[in-house]
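One structure is given below, encoded as structure tokens.
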Amino acid sequence: MGHEDGLSRLFPPSVVKALMTDLLNAGSQESVPDQVMERRVEINDLLRLRLLQTVVTFKSERRQWTGRRLKRAKPRRWQMKNESKTPG
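The sequence shown begins at 1 in full-length UniProt numbering and counts up one residue at a time.
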């Protein structure tokens, strides 16, 4: 049950509910709990993988963005120095 708590922290309740109802339906139709458990592990693995991918992409995007921002900020600082020099 610990996995479900983790899921609800990371995904909207509707997604978690959908996943859980799918699992419950699969269990009632086939009445093979082992398959349901396998499917649950599979889903958890897929979600974990997807999360890792999102975190990695977010980190790389953020690094690029801050890099661009730093590059952009330097000329501004230089301009400001020039502006303060000209009136004086």
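A virtual CB, placed ideally from N, CA and C, is assigned to each residue, including glycine. Keep in mind it's a predicted model, so treat the numbers as computed, not measured.
Going by beta carbons, I43 and L19 fall inside the 8 Å limit.
Distance from the CA atom of D22 to the CA atom of F11, rounded to whole angstroms, is 16 Å. P12 carries a coil assignment under DSSP once its states are collapsed to helix, strand and coil. If you draw a straight line from the Cα of V41 to the Cα of L47, it comes to about 10 Å.
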